[in-house]
Structures are given as C-alpha cells and as structure tokens.
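Visitor:
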Amino acid sequence: LQRLCELNQLLIGYYGALTEFCKHFLEMLLWTVLALIGLWGDAAAQTEYRGACNTPVKEPGTCVLVAECDFIRRVLAKPILEKNDIRYIEASRCGSYERKALVCCARPTIPTSSPAPSSPVISANDNVDNRFSSGLTLNDRLKLLPQAPQCGVQYDDRIVGGERAGITAYPWIARIEHFDQRSNKHAFHCGGSLISERYVLTAAHCLSGVPKTWTITSVRLGEWDTTSNPDCEDGECYDVVQDIAVERLIIHENFINTRTEVHNDIALLRLASPAQYTETVTPICLPLDGSFTNRPSEGSRLFVAGWGQTEFDSGSRFKMHVSVPTVTMQHCQSKYH
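The letter at position 7 of the sequence shown is residue 7 when you use the UniProt record's numbering, and the numbering goes up by one with no holes.
#1: So does the stretch 206-216 actually touch the stretch 179-191, counting three or more Cβ pairs closer than 8 Å?
#2: If I follow the unbroken alpha helix (DSSP H) through residue 75, where does it start and stop?
#3: Tell me, please, which residues DSSP counts as bridged to residue 359.
#4: Looking only at its chain, what residues have a beta carbon closer than 8 Å to the beta carbon of residue 300, apart from the 5 residues adjacent to it on each side?
#5: Using only alpha-carbon positions, find the residue among 222, 96, 333, 233 that is nearest to residue 244.
#6: Rounded to whole angstroms, what is the Cα-Cα separation between residue 163 and residue 321?
#7: Quick one: is residue 59 buried, meaning 16 or more other Cβ sit within 10 Å of its Cβ, or exposed?
#8: Taking three-plus beta-carbon pairs below 8 Å as touching, is the stretch 270-286 in contact with the stretch 195-206?
#9: Does the distance from the C-beta atom of residue 339 to that of residue 283 stay below 7 Å?
#10: Flag this pair as yes or no: are the beta carbons of residue 105 and residue 166 separated by less than 7 Å?
#11: Hey, would you say residue 248 sits closer than 7 Å to residue 175, going by beta carbons?
#12: Rounded to whole angstroms, what's the CA-CA distance from residue 68 to residue 281? Just pull it up for me.
#13: Count the other CB atoms within 10 Å of the CB of residue 103; is the residue buried (16 or more) or exposed (fewer)?
#14: Are the CB atoms of residue 96 and residue 56 within a distance shorter than 7 Å?
#15: Can you tell which of 49, 265, 302 has the C-alpha that lies nearest to the C-alpha of residue 209?
See the structure below:
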C-alpha cells in the first residue's frame, strides 16, 4: 500500500492529475485501509448511529458514517497515511451501522446563510486597528494559525487558462461585502483568503481605498455560483454559503497608496464569529516552515482565482481561475509611473 501511494504521488507530480480510474482505485484502497485498521471490527465500544461520543482529543462529537465526517475524509484523502493518522482514525472508531464504519466526529456549529440582524456594520474609517503586532510572542501567534491537514486542502486540481474552477477548488477564497449608503445596495468588490477560523487576509486598499459612502458589512465564504445557494454540480449539492459579520479591521501601519507608489498593501479582517470548516470552506496554509522564503523567479507561474468583480464590472457568475506569470518588482513598479 505504501508503494502504491508513492506511485500515486509520482503520477500526480508527472501528469498533474489522476485519471478517473485511478481515483476510483485509490478510493477502494482507502476503504481497504479502514478495514485493515479495524474500523469494521466489533472490539471497540459500540455507540448508536448519531449518538454522543468523544473524539480522540476529548472533544464532544457525534458517531457518524465516515462519509459524513469531513475531517476524517480529509485525513483519508492524504496520498500517504502517517502512523499518527492511522492511530487517530483507529481511536475515532465508535461502532458500525448496517455494516458500515462509524467514527466519532467533532460537532460543528451549523452555519447561517446570512448575517444576524444585529451584526455590526463597520465603516472603512471606523474601528480600524493599524497595529499588526500585539503583546503575544511570535510562537504564541503562530499557534493561532491552523496546520495541515486543517488548512490548504482542496479537492480540485488547478487548470491553466482562464476557466471555471470546481466548487471545492480554492476553498479559502473570501468575498468582502460592502454596503453603499448612496445607492442603498450591497455588493462584493474585494476578496481575501481565510487563514484561520477568525481571520481573513486581504489587501489594505480594499479597506481604506474605497469610497467614503461604502461600509464593510460581512465576509462570504464557500461561494461558487453567485446566483445559487446552495451550489450544486453534477447532481451533488454542497453546504450553503457562510456570511459572517466583520468585527475589526487591521491595516498595516506603514500602508502607502498613492498614484506613484504602493507599499505594505496588506490587512486583516477579524470575523465576529468563527468560520465552520467544510469541503468548500477551508483556510489556506501560510508558509511558516520556510518553504517560501525565496521569492518566485521571474516567469514562474502563479494562480489567481475569483469572480473578477470591481467597482465598474459585475464580474463572473462562477468562481474562475487563471495562471499568470511572475514579474519583477521593478516591472511592477514601472506600471505606476
């Protein structure tokens, strides 16, 4: 099984994606792994289907089918299962139901499809904190960020060229909603990336460089088709979008935005309530391990995803993605002169 997984990794690296046959074959292998580690065994204490239980880390949970537990599914989807993964899955077993495995899955909070009526409305000039630092040490702050496999997981492969992205691709993309007091309308004019359950990383000009009549109302997570909720594809429907009110704006203290120069164009949005992780809502992993200490070389390909909506363009109906080349800082700066 280990050799097959290694071969799987080589196939992914060489071809960029697995064939449908390989995907189905690997899915069967995953269920074989479950059988091998005893998830179908009766040795573990039996809990009724959808009964109360405790996860291996002592969180209150519900005994459900493997297919109903997003976290277990993400662990099983890893190309290679580490020993800790297998131990966790084995410790999660809580019985069987109609000859199918049951695992103890942490209880999520049901997301709402729209902000509560009492959600605060934040003006671009109100409640802005220009301090990125706090009293916490660097290590303390790093502990607040999720680590793999709780972040950076997406189920769709990237495709080069401006094409429609899959529903579960780029699940960290957030849409920032503004309310225009002049027109009395809500609209999405900026985007960001979910980096933890309470924070979205975005550009500072999305918060301070907007018209004075605009106020920030909320962040939308889990969007794909802007005309439907929930989103469905090929007969399968996913969770409804999560609209979460913004509690605080944090803009880089040295942010500069003029016609000739832009510096430190970065900001954070603190959400009023935590995001609930699903197949379509997952934070991106920040490169904290030093893997991206070197800047991408000129001409290397990066990926841009979103709906392309601006103040003057209604944008795309679906989430799109495109591959773009990296340019030097000098080339970028020349566009402002």
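The beta carbon of each residue, even a glycine, is placed where N, CA and C say it ideally should be.
Guide: A quick look at the data gives this:
#1: yes
#2: 70-76
#3: Within the shown structure, residues of the chain are numbered from 1 to 337, placing residue 359 beyond reach of any answer.
#4: 325, 326
#5: 222
#6: 6 Å
#7: exposed
#8: yes
#9: This structure cannot settle anything about residue 339, because the visible part of the chain is limited to 1 through 337.
#10: no
#11: no
#12: 16 Å
#13: buried
#14: no
#15: 265
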